[in-house]
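Chemist: FYI, the numbering used here numbers position 63 of the sequence shown as 105, with every residue one higher than the one before it. The structure is given below, and queries will be raised subsequently.
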Amino acid sequence: MSDRNVTMTAIDGTDALAAVIIRPGSTDGSVSIEAFANGMDKERAAYVLRYVADQFEAEAAAENPITPA
43 MSDRNVTMTA IDGTDALAAV IIRPGSTDGS VSIEAFANGM DKERAAYVLR
93 YVADQFEAEA AAENPITPA
């Protein structure tokens, strides 16, 4: 687990079509994942999650470009 201060956040997900919550896991370097899809089929939810993952990767690459040695 990280030494950073962690705060509690409350989110009203009553109208959410899908959600993923990623928390620190019980062992160092692990995570706990909670996910659901309501009112949206899981295939479409997976598509949206892949889109978000692609965006995260693009932003990370822009922030931390890999330079050849």
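Cβ coordinates follow ideal geometry from the N, Cα and C atoms, glycine included. Note that the coordinates shown come from a computational prediction; the quantities given were computed from them, not determined experimentally.
Could you compute how far the alpha carbon of T49 sits from the alpha carbon of E76?
Modeler: On the sequence shown, position 7 is the one that residue 49 refers to. On the sequence shown, position 34 is the one that residue 76 refers to. In a straight line, the C-alpha of T49 is about 18 Å away from that of E76.
Chemist: For A61, count the other beta carbons within 10 Å of its own beta carbon; 16 or more makes it buried, fewer makes it exposed. Which is it?
Modeler: Start at 1 with the first residue of the sequence shown, and residue 61 comes out as number 19. When all chains shown are included, A61 counts as exposed.
Chemist: Helix, strand or coil for V62 per DSSP?
Modeler: The residue given as residue 62 occupies position 20 in the sequence shown. Strand, per DSSP.
Chemist: Which first and last residues belong to the alpha helix (DSSP H) in which A102 is found?
Modeler: One-based indexing of the sequence shown puts residue 102 at position 60. Unbroken alpha helix (DSSP H) run through A102: K84 to E105.
Chemist: According to DSSP, simplified to helix, strand and coil, what is V48?
Modeler: The residue given as residue 48 occupies position 6 in the sequence shown. Residue state, collapsed to three classes: coil.
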